[in-house]
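Structure first, then comments.
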Amino acid sequence: MVFTTPQFVAFFVLFFGAWLALPRRARKPLLLVGSYLFYGSWNPHFLWLIFGSTLLDFAVGRAVHRSADPRRRKQLVTLSVVGNLGVLAFFKYFDFFVGSAVQGLNALGLDASAPVLEVVLPVGISFYTFQTMSYTIDIYRGQLEPSDDFVDFALYVSFFPQLVAGPIERAKHLLPQLKDLAQNRADWSGLGLIALGAFKKVAIADNMAALVELTYTQPEQAWAPALWIGTYAFAIQIYCDFSGYSDIAVGLGRLMGLDIIQNFRSPYAAAGPSEFWRRWHISLSSWLRDYLYIPLGGNRGGWVGVRRNLMLTMLLGGLWHGAAWNFVLWGFWHGALLIAFRAERLNAWGARLAQGWTRLPTALVRRLVFFHLVALGWALFRAESLADCATLFGALLSPDALAWGPWLQAVTASGEAPYLLGMGAVALTVFISQNLWAVGSDDVVARVWRGPVGLRVAFTATLIYAAAVLSPEAPPPFIYFQF
Amino acid sequence: MKARITVGLWLALVLAALGVADHFISSGRSIGWERNSVRNSRARWAKKPQARVAIFGSSTSKDWLPEGWLAGLLKVPTATVLDAHINGCHQGCTWAEVREFRRAGRRFDTVFFGTNLFQLCEFPHTKRVLQQQLMVPPGDVPGLLGKYLHAQTPLLYMGRLLGISLSGAYGDTAAVRARIEKLAYDDADPRARAVRRHNHWRWARQRPIQAEKPPLSCEYTADSVALKRAFTEGLLGDLAAISGRVYLMLLPDRTRSLRDPEHSARWAQHLALHTALAEALPNVTVIDLVTDGVSDARHFRDGFHLNAEGMKRQRTLFQQRLAAAEGGR
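For the protein sequence lines, the chains are A and B, in the order given. Each number in this note's numbering corresponds to the 1-based position in the first sequence with 6 added. With the first letter of the second sequence counted as 1, position 258 gets the number 239 in this note's numbering; the numbers rise by one all the way through.
Rendered as structure tokens:
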């Protein structure tokens, strides 16, 4: 059940109707049943998996808290981490690792073959395993009291608005709110966020997808300038797709009186990689920082150590996205950017540039340059194979990318110039608006909600209407559902 | 109090503006062929209030069966034969149409409804729900929802019904986009439009992507068949209620030309399913135009529609089977 499909609308209308109609004490069981129905609608067999993960971390969390023996506490937290990562490794990475090993051996001339299990990836597994792990680790670190109510904890793991594609919530933020579910009051600004998210996903991302599809399918056949068009389109598509999903998730939470963390804050306004990761997929980047980068040593460990930690974090962050080498390469690209932008010379160069120009143009140029670096990373992310990565980088960075003459002739022959100009205007609007007001969707909606009720209604109704009317007949699913 | 009135006025203004926009978009005759097909069919019903014979279904049910020829066969005046078909109107759409007829109190002596194997396949296009929403009487909406329960994704259908009930333009999404396209590209030159339709890929690629999708590919899943069965069952029941005789015509489609065991089994399932449905009602008779019917791919002009030679052959077989059915009554 994808958020922007009619069946989710029907599901939520029924669910929320019951939420409003039933006594407040019935909210917890209703939400749990609703969440399990939602997850079961993807594949009912995997309900056991999420239930098992819930049971494991609920029990381990309590045992860790009870135990005073450091060794036993360590054993228990290891059990949780191994259990969660084991499930993730099997369902998400088994075929990838075995397949890669066999390919490697074959490349060395060794005749090897292995069974490919064709394991079906349970939707949202990458998200909820990270949530359950962080719960147990926080208890181990003494930063969190374990939940004494299994239903509360099961709700924390399975809360349907953010179950399948985040934001990755922390227990210390979400659990207390779930505990007091009966007392929560609906925040109707959630409707504004849902409308904004639906518009971003359906009206912008789903229409950009057609441009990307045409250029990125068999990229060796594409015009090099067209590949840049496809790359820009994908940068806009993935932002509107993922942040649109997050906006809807946050909005749904608000209708139930729950505060879900913001996942995006105008990422294309970033002028460097550190800033980008403070604006893009904030819940994942902060998770990786707290549970991977800092335990690896973080900013301590000398010149080499810090760079090793950055690269390892980004490589694993890339692999988290998908079991394929192009995601590892994407992680490497961002690791390399983080390392490069830490270079003292580069920073000094940036500072000199800033001194010479007025602040705004300098910031804009730096943001534009960095946007192109991020866009090149998206080319790796979107590629369907390592060979495609090479083709894409080869074409995007070749002199052919500047050979606009033959390409413009092809544009004229296609008759698609008005369409391309229209889509370009949409993409540019998204980019410029982020750079003019580097805020998140919640800030936009909060501003509207400070206005008169009529403005709120107009905002919500118009966006929903536009999303419904501009939707393609067969829209693609949310990109991050595959992770 | 004053603030509430202001809020109410704002709300009314926004909703009225959206309503006007929605009405403007969805009622235009230049967009939405599904909507226009229903309008055209209703205009035909209105012209023949005294009709005693009716042909229901999609174009595959009607295009080979002219009213005049059928009238001659049944020995009734042509004016009493009503063409009630609607383009692209499969079982669910026809059920909604017949419910509307039943609600209007229309009665017939004989009705015909034709369906082929491929219509057992369900692709959840918005247009299917649009057709149903346009015709189903409000009192029959619970019945429609009950039929949706047979689908693999009942909430998808229910949500679409809700969306189309709230916004007429939502159901015509594809048509709205086509209209925007026409506005953007200057509709004046149809040749330029045709060139663009065939050359849209040129801005991106040096060669077009080769499509490998086989024609009429369908899994015929249990859910899909169950949904279509539920609609057909309801449809036959309603046809039997508004008519003395109901002829359920089983029509060939292009997959009839495929001789593999998989397709043979599917055609056998198609015949068995419809025969069982017909046998459950006393005044419903199957006219099997599949067995010994058109099965050569050359006699189809596309996946479902027959060419002139195919139509001629089908009419001949229909005449024989109808005579046999009439004789056997």
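By construction, the Cβ of each residue, glycine as well, lies at the ideal position given by its N, Cα and C atoms. Note that this is a predicted model, so its numbers are computed, not measured.
Identity of the residues DSSP links to residue i by a beta bridge
i, result
"T266 of chain B", "B:Y228"
"S95 of chain B", "Before going further, note that residue 95 of chain B is Gly rather than Ser in the sequence given. In DSSP, G95 of chain B forms a bridge with B:M230."
"A228 of chain A", "B:R186"
"F44 of chain A", "Answer by DSSP bridge pairing: none, since F44 of chain A is not bridged."
"F270 of chain A", "In the DSSP output, where bridge partners are listed per residue, F270 of chain A has none listed."
"F89 of chain B", "B:S224"
"F57 of chain A", "Answer by DSSP bridge pairing: none, since F57 of chain A is not bridged."
"F159 of chain A", "In DSSP, F159 of chain A forms no bridge with anything."
"F281 of chain B", "B:L287"
Among the options, nearest to residue i - alpha-carbon criterion
i, options, result
"R271 of chain A", "A:F156, A:N441, A:M7, A:R306", "A:N441"
"G278 of chain A", "A:L476, A:P76, A:S420, A:G341", "A:G341"
"T91 of chain B", "B:A52, B:R235, B:A(-2), B:V1", "B:A52"
"A230 of chain B", "B:R33, B:V19, B:L46", "According to the sequence displayed, residue 230 of chain B carries Met and not Ala. Among B:R33, B:V19, B:L46, the Cα nearest to that of M230 of chain B belongs to B:L46."
"A77 of chain B", "B:Q301, B:P123, B:N288, B:A2", "B:P123"
"I345 of chain A", "A:H287, A:S280, A:F22, A:T397", "A:S280"
"S106 of chain A", "A:A472, A:W410, A:A329", "A:A329"
"S314 of chain B", "B:A(-7), B:R160, B:N97, B:G(-11)", "In the structure as shown, chain B begins at -18 and stops at 310. Residue 314 of chain B is therefore absent and cannot be evaluated."
"S164 of chain A", "A:S477, A:I288, A:S289, A:L43", "A:L43"
"I145 of chain B", "B:L254, B:G0, B:E81, B:H131", "B:G0"
"H181 of chain B", "A:E422, A:D158, A:M7", "A:E422"
"L111 of chain B", "B:C70, B:L101, B:E48", "B:C70"
"L261 of chain A", "A:I300, A:G198, A:L233", "A:G198"
"G324 of chain A", "A:G383, A:D101, A:S140", "A:G383"
"A188 of chain A", "A:G311, A:W25, A:T368, A:R373", "A:W25"
"Q168 of chain A", "A:L264, A:V432, A:F205", "A:L264"
"V312 of chain A", "A:A349, A:W326, A:W336, A:I288", "A:A349"
"F333 of chain A", "A:A385, A:I200, A:R295", "A:A385"
"D273 of chain B", "B:P189, B:R188, B:Q301", "B:Q301"
"L262 of chain B", "B:S224, B:I190, B:K43, B:E290", "B:S224"
Segment limits, beta strand (DSSP E) that includes residue i
i, result
"G445 of chain A", "It is worth fixing the name first, because residue 445 of chain A is Val in this sequence and not Gly. Counting along the chain, V445 of chain A falls outside any beta strand (DSSP E), and DSSP gives it neither H nor E."
"I36 of chain B", "34 to 37"
Span of the alpha helix (DSSP H), counted from its first residue to its last, around residue i
i, result
"D64 of chain B", "Careful: D64 of chain B lies outside any alpha helix (DSSP H), inside the beta strand (DSSP E) at 62 to 64."
"Q300 of chain B", "289 to 308"
"P279 of chain A", "279 to 285"
"M317 of chain A", "308 to 327"
"N213 of chain A", "212 to 222"
"Y299 of chain A", "From DSSP, Y299 of chain A is part of no alpha helix (DSSP H); its letter is neither H nor E."
"C395 of chain A", "392 to 402"
"Y99 of chain A", "Taken as a continuous stretch (DSSP letters only), Y99 of chain A belongs to no alpha helix (DSSP H), as it is neither H nor E."
"K207 of chain A", "Element bounds for K207 of chain A: n/a, residue is neither H nor E."
"C74 of chain B", "72 to 84"
"E15 of chain B", "14 to 28"
"S238 of chain B", "Premise fails: S238 of chain B is in no alpha helix (DSSP H) and is neither H nor E."
"F165 of chain A", "From DSSP, F165 of chain A is part of no alpha helix (DSSP H); its letter is neither H nor E."
"M7 of chain A", "Where M7 of chain A is concerned, there is no enclosing alpha helix (DSSP H), given that its DSSP letter is neither H nor E."
C-beta contact flag for residue i and residue j at 8 Å
i, j, result
"L427 of chain A", "A185 of chain B", "no"
"D63 of chain A", "V256 of chain A", "no"
"I56 of chain A", "K98 of chain A", "no"
"D154 of chain A", "A177 of chain A", "no"
"I67 of chain B", "S8 of chain B", "no"
"M429 of chain A", "A239 of chain A", "yes"
"F299 of chain B", "R235 of chain B", "no"
"S195 of chain A", "A452 of chain A", "yes"
"F37 of chain B", "T75 of chain B", "yes"
"I174 of chain A", "L290 of chain A", "yes"
"V88 of chain A", "T142 of chain A", "no"
"L101 of chain B", "K28 of chain B", "no"
"Y297 of chain A", "S140 of chain A", "yes"
"L(-10) of chain B", "V463 of chain A", "no"
"A171 of chain A", "Y251 of chain A", "yes"
"L38 of chain A", "V208 of chain A", "no"
"V62 of chain B", "A32 of chain B", "yes"
beta-carbon residue i near the ligand ADP non-hydrogen atom, thresh 7 Å
i, result
"H255 of chain B", "Looking at this structure, you won't find the ligand ADP or any other ligand, since it has none at all."
Between the region 399 to 420 of chain A and chain B, which residues of the former have CB atoms less than 7 Å from a CB of the latter, in chain order? A416, V417, A419, S420
Can you list, in chain order, the residues of the region 144 to 161 of chain B whose Cβ is nearer than 8 Å to any Cβ on chain A? G144, S148, A150, Y151, T154, A155, V157, R158
Using a beta-carbon distance cut-off of less than 7 Å, what residues from the region 118 to 146 of chain B approach chain A? If the cut-off is 7 Å between Cβ atoms, the region 118 to 146 of chain B has T134, L136, L137, M139, G140, R141, L143, G144 near chain A.
Please list, in chain order, the residues of the region 16 to 28 of chain A that have any C-beta partner in chain B closer than 9 Å. A16, F17, V19, L20
Give the residues from the region 311 to 331 of chain A that approach chain B closer than 7 Å (Cβ to any Cβ), ordered along the chain. none
Near-chain B residues of the region 446 to 460 of chain A (beta-carbon distance less than 8 Å), N- to C-terminal order: Per Cβ criterion, the list reads P458, V459, G460.
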